[in-house]
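Since the structure comes first, as structure tokens, the remarks are kept for the end.
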Amino acid sequence: MDNITQKLTQKSESTKKDSMGRAVSLAALALIVIVVVAIFAFVISRGMSTFFKDGVSVSDFLFGTNWNPSVINPHTKQPYIGALPMILGSFLVTFLAAIVATPFAIGTSLFMTEIAQKRGAKIMQPIIELLVGIPSVVYGFIGLTVVVPFIRSVFGGSGFGILSGTIVLFVMILPTITSMTVDTLKSVPRHYRESALAIGATRWQMIYKVVLRAATPGILTAIVFGMARAFGEALAVQMVIGNAALMPHNLISPSSTLTSVLTMGIGNTVMGSLQNNVLWTLAMILLLMSLVFNLIVRAIGRRGEMK
Amino acid sequence: MNKTVVGIVGGVVVIAAGFALYANSNHSGSSDAKSSSSTSSTKVSGKVLALGSTALQPLAEQVASSFQEKNPGATITVQGGGSGAGLSQVSSGSAQIGNSDVFAEEKSGVDASKLKDHKVAVVGIAPVVNSDVQVSSLSKEQLRDIFTGKVTNWKDVGGKDEKIVVINRATGSGTRAVFEKNVLEGQSAVNTTEQDSNGTVQKIVSTTPGAISYLAFAYLDASGIKALNIDKVTPDKKNVEDNSWPIWAYEHMYTKGEPTGPTKAFLDYFSTSEVQKTLVPKLGYIGLTDMKVTRDSLGKVTKN
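Structure follows, in structure tokens:
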């Protein structure tokens, strides 16, 4: 009798394990949330001190075109802290790389899912996965030894610039966009294809009018993910873009991106100085932009749900 | 389910243990350093972290490893990160030694009065060009005009008709600060391509026709580049020693206040003639004992 009461009133071994598992996974979640919040708080507090502590105006920072934080402008008594060249450079390489990479990514993934499924799975899948795994410094080094001299001999100039950055980023984000597009295309229900073929559509009509239509939100998400990767890429871009904080005159003039200025400058500045704070402000812009990219992905996901 | 829970718990335990070990080792490290400093016995032991300038890093690493061979109880960790990082980390006390290419007085945001300077070596810097450039000597004025953007074609300084591609080091880099201080004399450099290390500059100058930049002496010996003379003076060790080659700088190791314990022993070892006459020149730097002049943070040069 006692034994049964005990069994009924006390937690069993399994229940204990159950609640323990719950606690552990909750702790893991809490840790991650704390880390994310801490990163945001740290970067934003550092980044904002440019405006509050050093008294730089936001519009000067965002729309100024002259970047040289260690030199004081004799007229305004403020250092040159115009970040527009870098902001523009980051957006230019990102959008150009996405524009170039998207058709290739869609073509490759259509080939892999619709045209030659077997060969696609056997040959293309490993190649794409291999491309994802190559470290960015390798891309940068190849860019520096192959792409830059090539651009120099074809278009003249020094070879460093937005165009070289675009080419390197194109190769880097291609696998990201491709593999996500493949997943999207695979998730288009089989009966869509069968219905289209049954009413007499050719394979191209089926792909173009049915499969791609149904997969549009997923493809857009893939592109945004690729752009987020391009926007945040630092090392490879830094090696080929030339790192001149100048407004890009054309695609082959040396320019810079937010990330390249950050990685170049952070070790040479002293914590707490204006030169260091403005770099944190650039980091803040990067962080906010990746947030924006995430929101765009979510918005696309919600809108594009198939009805 | 059971296995998952065990796995998660195990993972957390391992991570926690890792943190604990890390914290522990840090703690014991600092207490070690303190205890040996208070006793200041002949036996050197403890941990020293030296970080900062990447230009000084290879030398510091070599000296650290030979110091540790002689003092097995001591652990000297050398890290890069840049002169700015070195100075700020030593000011905040998170590193025992901050390596820097420039005087702390020259870096904004550092309270130099709290730091003690230990000069450990001299580094010479020379302008370099791609080997297709036919110019082999420039005057200081011509060099200044090139780096401020007044002259943009090699034919204006006696070369062939070719565009000059100026490659700079990152703003705030120690090498750039030294070069600009001695060559530009207060004018600001043209805004142009910037690279973040001697190695990258060496590679880019050697592959870009018409390129000009500047490198530490240790990097001059490479195919595809050539060092320029300034006012007919060749960039070599001898000319730096008597200041006839003007572009040189001290490599500094800063400590917060007077160094003690293993930090002091390491810095003392660095300035022995054994190190200054062997390791320092071997790695392309110039030993302090060979210098015939001294320069202070304001740039004033006095004969020894």
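Just so you know, the protein sequences line up as chains A and B, in that order. Quick note on numbering: my numbering labels position 190 of the first sequence as 190, and the sequence is numbered without any gaps. Quick note on numbering: my numbering labels position 250 of the second sequence as 1250, and the sequence is numbered without any gaps. In this text, a Cβ means the ideal position worked out from N, Cα and C, and glycines have one as well. In this text, all values refer to a predicted model and were calculated from it rather than measured experimentally.
(message) Can you confirm whether lysine 1140 of chain B, when its beta carbon is compared against all beta carbons of chain A, has any partner nearer than 7 Å?
(response) Residue 1140 of chain B sits at position 140 when you count from the first residue of the second sequence. Proximity of lysine 1140 of chain B to chain A, defined by a Cβ-Cβ separation below 7 Å, is not satisfied.
(request) Starting from the C-beta of aspartate 1161 of chain B, find all residues in its chain whose C-beta is less than 8 Å away, skip the five residues before and the five after it, and write them out in chain order. (result) Walking along the second sequence from the start, residue 1161 of chain B turns up at place 161. If we look at aspartate 1161 of chain B and ignore the five residues flanking it on each side, its Cβ neighbours are Asn1153, Trp1154 and Lys1155.
(message) Give me, in chain order, the residues of the same chain whose beta-carbon lies closer than 7 Å to that of alanine 1222 of chain B; leave out the 5 immediate sequence neighbours on both sides.
(response) Within the second sequence, numbered from 1, the residue matching residue 1222 of chain B stands at position 222. The beta carbon of alanine 1222 of chain B sits closer than 7 Å to those of Gln1202 and Ser1206, all from its chain and outside the five residues before and after it, given in chain order.
(request) List the residues of chain B that phenylalanine 91 of chain A touches, going by C-beta distances under 8 Å, in chain order. (result) Taking the first residue of the first sequence as position 1, residue 91 of chain A is located at position 91. Near phenylalanine 91 of chain A there are no residues of chain B at all, since even the closest Cβ is about 20 Å away, more than 8 Å.
(request) Sort out for me which residues DSSP pairs threonine 1077 of chain B with in a bridge. (result) Position 77 of the second sequence, counting from 1, holds the residue named residue 1077 of chain B. Answer by DSSP bridge pairing, in chain order: B/Leu1049.
(message) Can you confirm whether the region 183–198 of chain A touches the region 278–294 of chain A when touching is taken to mean that 3 or more C-beta pairs between the two stretches lie within less than 8 Å?
(response) Not touching, per the Cβ criterion.
(request) In the DSSP assignment, find the alpha helix (DSSP H) that holds methionine 20 of chain A and state where it starts and stops. (result) Counted from its first residue, the first sequence places residue 20 of chain A at position 20. Unbroken alpha helix (DSSP H) run through methionine 20 of chain A: 13–52.
(request) Closer than 8 Å, Cβ to Cβ, to anything on chain B: give me those residues from the region 239–254 of chain A, in chain order. (result) Residues Met239, Gly242, Asn243, Ala244, Ala245, Leu246 and Pro254.
(message) I'd like to confirm the pairing. Which residues does DSSP put opposite alanine 1170 of chain B in its beta bridges?
(response) Looking up residue 1170 of chain B in the second sequence gives position 170. Its beta-bridge partners do not exist; DSSP assigns none.
(request) Tell me whether glycine 1080 of chain B is buried or exposed, calling it buried when 16 or more other Cβ atoms sit within 10 Å of its Cβ. (result) On the second sequence, residue 1080 of chain B is found 80 positions in, with the first residue counted as 1. Buried.
(request) Using 10 angstroms around the beta-carbon of alanine 1259 of chain B, count the other beta-carbons present and answer buried if the total reaches 16, otherwise exposed. (result) What you label residue 1259 of chain B is simply residue 259 of the second sequence in a count that begins at 1. Per the sequence shown, residue 1259 of chain B should be read as proline rather than alanine. So proline 1259 of chain B counts as buried.
(message) For a test of the three-state rule: what should DSSP assign to tryptophan 204 of chain A, helix, strand or coil?
(response) Residue mapping note: residue 204 of chain A aligns to position 204 of the first sequence, counting from 1. It is helical.
(message) Output needed in chain order: residues of the region 1164–1197 of chain B with a Cβ under 7 Å from some Cβ in chain A.
(response) The residues in question are Val1165, Ala1170, Thr1171, Gly1172, Ser1173, Ser1188, Asn1191, Thr1192, Thr1193, Glu1194, Gln1195 and Asp1196.
(request) Give the single residue among B/Val1190, B/Gly1284 and B/Thr1054 whose Cα lies nearest to the Cα of asparagine 1198 of chain B. (result) Sequence index remark: in the second sequence, residue 1198 of chain B carries index 198 (1-based). It is B/Thr1054.
(request) Starting from leucine 1087 of chain B, find everything on chain A with Cβ-Cβ shorter than 8 Å and list it in chain order. (result) Position 87 of the second sequence, counting from 1, holds the residue named residue 1087 of chain B. Ordered by position in chain A, the residues that pass the 8 Å Cβ test against leucine 1087 of chain B are Val270.
(message) Residues of chain B with CB closer than 7 Å to the CB of proline 135 of chain A, please, in chain order.
(response) Translated into the one-based positions of the first sequence, residue 135 of chain A becomes position 135. Simply none; closest approach about 17 Å.
(request) Determine the chain A residues that contact lysine 1107 of chain B at a beta-carbon separation under 8 Å, and present them in chain order. (result) As a working note, residue 1107 of chain B is residue 107 in the second sequence. Those are Val270, listed as they occur along chain A.
(message) Taking 6 Å as the limit between beta carbons, can you name the residues of its chain near valine 132 of chain A, skipping five residues before and five after?
(response) In the first sequence, residue 132 of chain A corresponds to position 132, counting from 1. Residues Pro175 of the same chain have their beta carbon placed closer than 6 Å to that of valine 132 of chain A, with the five preceding and five following residues left out of the count.
(message) So the candidates are B/Val1128, B/Gly1082 and B/Gly1093; which of them puts its Cα closest to the Cα of proline 1209 of chain B?
(response) Position 209 of the second sequence, counted from the start, is the residue given in the question as residue 1209 of chain B. Looking at the Cα atoms, B/Val1128 is the closest of the given residues.
(request) Could you check what DSSP says for alanine 214 of chain A in three-state terms: helix, strand or coil? (result) Residue 214 of chain A sits at position 214 when you count from the first residue of the first sequence. Shown here, alanine 214 of chain A sits in a helix according to DSSP, grouped into three states.
(message) Checking 7 Å against the spacing of the C-beta atoms, do alanine 1095 of chain B and alanine 1104 of chain B come in under that value?
(response) Taking the second sequence and counting its residues from 1, one reaches residue 1095 of chain B at position 95. Taking the second sequence and counting its residues from 1, one reaches residue 1104 of chain B at position 104. Not closer than 7 Å, so no.
(request) Between the Cα of alanine 253 of chain A and those of A/Ser57, A/Ile162 and A/Leu31, spot the shortest distance and give me the residue it belongs to. (result) Counted from its first residue, the first sequence places residue 253 of chain A at position 253. Here the sequence assigns serine to residue 253 of chain A, which means alanine is not the residue at that position. In terms of Cα proximity to serine 253 of chain A, the closest of A/Ser57, A/Ile162 and A/Leu31 is A/Ile162.
(request) Return the Cβ separation of glutamine 1089 of chain B and glycine 1098 of chain B in integer angstroms, given the expectation that the two are a contact with Cβ distance under 8 Å. (result) On the second sequence, residue 1089 of chain B is found 89 positions in, with the first residue counted as 1. On the second sequence, residue 1098 of chain B is found 98 positions in, with the first residue counted as 1. Their Cβ separation, rounded to whole angstroms, is 6 Å, which keeps glutamine 1089 of chain B and glycine 1098 of chain B in contact under 8 Å.
(message) Rounding to the nearest angstrom, what Cα-Cα distance links alanine 121 of chain A and threonine 1255 of chain B in this structure?
(response) To locate residue 121 of chain A, count along the first sequence from 1; it is residue 121. To locate residue 1255 of chain B, count along the second sequence from 1; it is residue 255. Threonine 1255 of chain B has its alpha-carbon roughly 60 Å from the corresponding atom of alanine 121 of chain A.
(request) With a 10 Å radius around its C-beta and 16 neighbouring C-beta atoms as the bar for buried, classify alanine 41 of chain A as buried or exposed. (result) Locating residue 41 of chain A in the first sequence gives position 41, counting from the first residue. In summary, alanine 41 of chain A is exposed, with fewer than 16 beta-carbon neighbours lying within 10 Å of its beta-carbon over all protein chains present.
(request) Could you run through the region 1067–1091 of chain B and flag, in chain order, every residue whose CB is less than 7 Å away from some CB of chain A? (result) So the list reads Gly1081, Gly1082, Ser1083, Gly1084, Ala1085, Leu1087 and Ser1088, given in the order they occur along the chain.
(message) In the DSSP assignment, the beta strand (DSSP E) including threonine 9 of chain A goes from what residue to what residue?
(response) Locating residue 9 of chain A in the first sequence gives position 9, where the first residue counts as 1. Premise fails: threonine 9 of chain A lies in the alpha helix (DSSP H), 2–9, not in any beta strand (DSSP E).
(request) Measure from the C-beta of valine 1110 of chain B to each C-beta in chain A and report whether the shortest distance is under 7 Å. (result) Position 110 of the second sequence, counted from the start, is the residue given in the question as residue 1110 of chain B. So, interface residue.
(message) Helix, strand or coil for threonine 1054 of chain B? Go by DSSP, reduced to three states.
(response) Here residue 1054 of chain B is taken as the residue at index 54 of the second sequence, counted from 1. Coil, per DSSP.
(request) Give the DSSP bridge partners of tryptophan 67 of chain A, in chain order. (result) Reading the first sequence from its first residue, position 67 is the one you call residue 67 of chain A. Answer is A/Ile81, bridged to tryptophan 67 of chain A.
(message) By the three-class DSSP mapping on this structure, what secondary structure does glutamate 1333 of chain B have?
(response) Outside the displayed range of chain B (1001 to 1304) lies residue 1333 of chain B, so it cannot be described from this structure.
(request) Consider the Cβ of serine 70 of chain A: report whether some Cβ of chain B lies at a distance smaller than 7 Å. (result) Locating residue 70 of chain A in the first sequence gives position 70, where the first residue counts as 1. It does; some Cβ of chain B falls within 7 Å.
(request) Would you check if the distance between the CB atom of glycine 159 of chain A and the CB atom of arginine 152 of chain A is smaller than 7 Å? (result) The residue labelled residue 159 of chain A in the question sits at position 159 within the first sequence. The residue labelled residue 152 of chain A in the question sits at position 152 within the first sequence. Between glycine 159 of chain A and arginine 152 of chain A, the CB-CB gap stays under 7 Å.
(request) Answer with yes or no whether the minimum CB distance from threonine 1255 of chain B to chain A is below 7 Å. (result) Here residue 1255 of chain B refers to the residue found at position 255 when the second sequence is read from its first residue. Threonine 1255 of chain B does not count as touching chain A.
(request) Any chance you could list the alpha helix (DSSP H) runs of at least 4 consecutive residues sitting entirely within the region 1078–1129 of chain B, in chain order? (result) Counting whole runs of 4 or more residues, the region 1078–1129 of chain B contains the alpha helix (DSSP H) stretches 1083–1092.
(request) Determine the DSSP secondary structure at glycine 161 of chain A, reduced to helix, strand or coil. (result) Here residue 161 of chain A refers to the residue found at position 161 of the first sequence. Glycine 161 of chain A carries a coil assignment under DSSP once its states are collapsed to helix, strand and coil.
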